[in-house]
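A short worksheet on the structure shown next.
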Amino acid sequence: MLKQDDLQNVTNQAGEKTAVILPIYEFEELLEDLQDLASVAERRNDESISHDELLAELKRDGI
Numbered sequence: 704m705l706k707q708d709d710l711q712n713v714t715n716q717a718g719e720k721t722a723v724i725l726p727i728y729e730f731e732e733l734l735e736d737l738q739d740l741a742s743v744a745e746r747r748n749d750e751s752i753s754h755d756e757l758l759a760e761l762k763r764d765g766i
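So the sequence shown is numbered by the working numbering: it starts at 704 and just counts up by one.
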């Protein structure tokens with residue numbers, strides 16, 4: 704979880720925040736979350752099946 708203490712702010716000469724520096728592990732987690740959301744959006748209109756149907760399909764396929 705990202706905490707305010709983990710962030711560093713970059714400011715301009717007027718003291719206005721212009722950017723944020725965050726630890727690389729937090730950046731990588733944000734990228735992973737973004738990729739997950741993109742996958743969900745791509746599959747939004749895909750047909751879904753019930754859990755029982757999935758189990759039956761896997762059993763039928765020998766998995």
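Backbone N, C-alpha and C fix where the C-beta goes; we use that ideal spot for every residue, glycine too.
Closest by CA to residue 708, which one among 717, 725, 720?
Stepping through the sequence shown from its first residue, residue 708 is reached at position 5. Answer by Cα proximity: 725.
CA-CA distance, residue 733 and residue 740?
If you number the sequence shown from 1, residue 733 lands on position 30. If you number the sequence shown from 1, residue 740 lands on position 37. If I take the Cα positions, the gap works out to 11 Å.
Is residue 722 helix, strand or coil when you go by DSSP?
By 1-based counting over the sequence shown, the position of residue 722 is 19. Residue 722 falls in the strand class under three-state DSSP.
Which residues mark the beginning and the end of the beta strand (DSSP E) in which residue 707 is found?
By one-based count along the sequence shown, residue 707 stands at place 4. It is not in any beta strand (DSSP E) - residue 707 carries neither H nor E in the DSSP assignment.
Note down the Cα distance separating residue 710 from residue 742, rounded to an integer number of angstroms.
Translated into positions along the sequence shown, residue 710 becomes position 7. Translated into positions along the sequence shown, residue 742 becomes position 39. Computed Cα separation, rounded: 28 Å.
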